[in-house]
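Note that this note's numbering gives residue 168 to position 166 of the sequence shown, counting from 1, and the numbers run on in steps of one. For each residue, glycine too, the CB sits at the ideal point set by N, CA and C. Bear in mind that the values here come from a model prediction, so they are computed numbers and not experimental data.
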Amino acid sequence: MSRIANIISTAHYLPTRKVTNAELNERFTALGNPDVIGKFAASTGIEQRFYAPDDWATSDLALPAAQEALKRAGRKPEDVDLIILGTDSPDYITPATSVVVQHKLGAKNAGTFDVGCACASFPTALTIASGIVATNPGIKTVLVIGVYMMHRLADPTDAAIFFYGDGAGAAVIEAGDKPGFIGAAMQADGSYAESWGIYSGGTAEPASETSVKEGRTQVRLTKRYPPEINDTGWPKLFHRLAKENHFTADEVDQVIFTQVRKPTIELAAQNCGVPIEKCHMIMDKWGYTGSACIPMALDDAISLGKIKPGNLVVMIGSGVGYNQAACAFRM
Ligand SMILES: CC(C)(COP(=O)(O)OP(=O)(O)OC[C@H]1O[C@@H](n2cnc3c(N)ncnc32)[C@H](O)[C@@H]1OP(=O)(O)O)[C@@H](O)C(=O)NCCC(=O)NCCS
């Protein structure tokens, strides 16, 4: 029997505390920056986001998504052979968040590792999981998680907090005899590494009293990315993925892009040759959930009946650094 990775189930978890643009607008008006939230709202389409309870870590957010995905797959935590988790807002710098989730989940037979390419992590993790499942008959059930709690690592007085919403998404991957996984494509440009990130707390600048005071242990958007990074970068990746894996834009049933800016998705969809109706979006109702946004949008599209068994789905993510990763699956 051939061993082709299939997505057996998906799930997501959205925390309950809603933070509206009106709430943020009040904060930034009081801080003397009255226009910024309205401008960001108009340019992105984000209307609200949700925050996890203050005493939760990223692993706590990942847990309910993982539990629900396993339940929907009819699997128990002890059935999981491997957990791959993607995030750039981890519980700790080290150890990895995936191993914390393994313990909290009770996945006592699972190995674990994290994938660290920010918001491109979920398509990357699905691609890795697919390769591992295809080549290792002993690894039968892989739990792939994308999770994001960046608001906790942001400065509440920095307007970029507008973007960050908490959330988690998960998928269970197992081998089948037909696709399943079709292919992947990736590209990156590390010259943007200093544009958006957390710049103190690692080896480049260990955290110090000064770096904490000056906000360098918090996430910073220091230089705006040029729009063409996604406007043309995503279509380039899409067309390469389609060509190398012998499908056309017409054959694609749904494209799930990184959920940060609605007009970018509209333009990229046009440049991919895919109608916008086939590009499910969640940023309006759930905010930008970074490394979790692709699995959350995937699960939402499935729940809404926009993705059905047999459909061809492309996922394309952009992460700070920057990294871009795409993969195609037949559901
Ligand atoms: C972050 C990002 C989504 C914001 O995009 P945007 O909606 O185009 O936001 P802009 O930077 O144009 O800002 C919108 C407006 O707010 C203003 N603004 C931005 N920051 C502000 C601040 N701190 N205070 C006041 N105004 C501010 C801008 O001047 C602009 O005003 P204008 O419309 O009058 O010109 C975009 O810059 C980006 O980086 N896209 C790529 C995202 C990506 O893939 N990243 C990797 C994955 S995490």
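Going by CA-CA distance only, name the one from the options that's closest to residue i.
i: VAL316; options: MET333, ILE39, ALA109, GLY307; result: MET333
i: ALA271; options: GLU253, PHE240, THR96; result: PHE240
i: LYS215; options: LYS238, ARG74, SER202; result: SER202
i: ALA120; options: ILE258, HIS14, GLN189, VAL322; result: VAL322
i: ARG77; options: ALA32, GLY113, ARG19, LYS142; result: LYS142
i: LYS110; options: GLY182, SER100, CYS329; result: SER100
i: GLY167; options: ARG51, GLU25, GLU279; result: ARG51
i: GLY40; options: PRO55, ALA54, THR22, ASP57; result: THR22
i: ASP233; options: ALA206, THR250, ILE267, ILE175; result: ILE267
i: PRO125; options: SER193, CYS295, LYS308; result: CYS295
i: THR250; options: GLY171, THR31, LEU314; result: LEU314
Check whether the Cβ of residue i lies closer than 7 Å to any heavy atom of ligand 3, and answer yes or no.
i: SER193; result: Because ligand 3 does not appear in the structure shown, any question about it cannot be addressed here, the ligands present being ligand 1.
At which residues does the beta strand (DSSP E) containing residue i begin and terminate?
i: GLY171; result: 169-178
i: GLN256; result: 256-259
i: LEU84; result: 84-88
Grouping DSSP H, G and I as helix and E and B as strand, with all else coil, what is residue i?
i: CYS295; result: helix
i: ASN232; result: helix
i: LYS20; result: strand
i: THR114; result: strand
i: ALA95; result: A small fix is needed here, since residue 95 is Ile in this sequence, not Ala. In this structure, ILE95 counts as coil in the three-state DSSP scheme.
i: PHE249; result: coil
i: PHE164; result: helix
i: ILE309; result: coil
Spell out the partners DSSP gives residue i in its beta bridges.
i: THR224; result: Answer is none; THR224 lacks a bridge partner.
i: LEU33; result: DSSP output for LEU33 lists no bridge partner at all.
i: SER210; result: DSSP lists no partner for SER210.
i: TRP198; result: LEU223
i: ALA303; result: DSSP lists no partner for ALA303.
i: GLN326; result: GLN189, SER320
i: VAL149; result: ALA170
i: ARG242; result: According to DSSP, ARG242 bridges with nothing at all.
i: LEU272; result: The sequence shown places Gln at residue 272, not Leu. Answer by DSSP bridge pairing: none, since GLN272 is not bridged.
i: GLN50; result: THR22
i: ARG332; result: LEU314
i: ARG144; result: The question names Arg, but residue 144 in the sequence shown is Val. The partner list for VAL144 (beta bridge, DSSP) reads LEU84, ILE175.
Provide the residue span of the alpha helix (DSSP H) that contains residue i, from first to last.
i: GLY133; result: 123-137
i: PHE42; result: 38-46
i: ALA71; result: 60-75
i: SER11; result: Taken as a continuous stretch (DSSP letters only), SER11 belongs to no alpha helix (DSSP H), being part of the beta strand (DSSP E) at 6-15.
i: ASP286; result: 285-288
Determine the burial state of residue i: buried for a count of at least 16 other Cβ atoms within 10 Å of its Cβ, exposed for fewer.
i: ILE163; result: buried
i: GLY133; result: exposed
i: HIS105; result: exposed
i: SER320; result: buried
i: ALA244; result: buried
i: ILE184; result: buried
i: SER2; result: Residue 2 falls outside the range modelled here, since the chain spans only 3 to 333, and no answer is possible.
i: GLU25; result: exposed
i: LEU16; result: buried
i: LEU63; result: buried
For residue i, would you say it is in contact with chain C, using Cβ-to-Cβ distances shorter than 8 Å as the test?
i: TRP236; result: Absence of chain C from the displayed structure is noted, only one protein chain being present.
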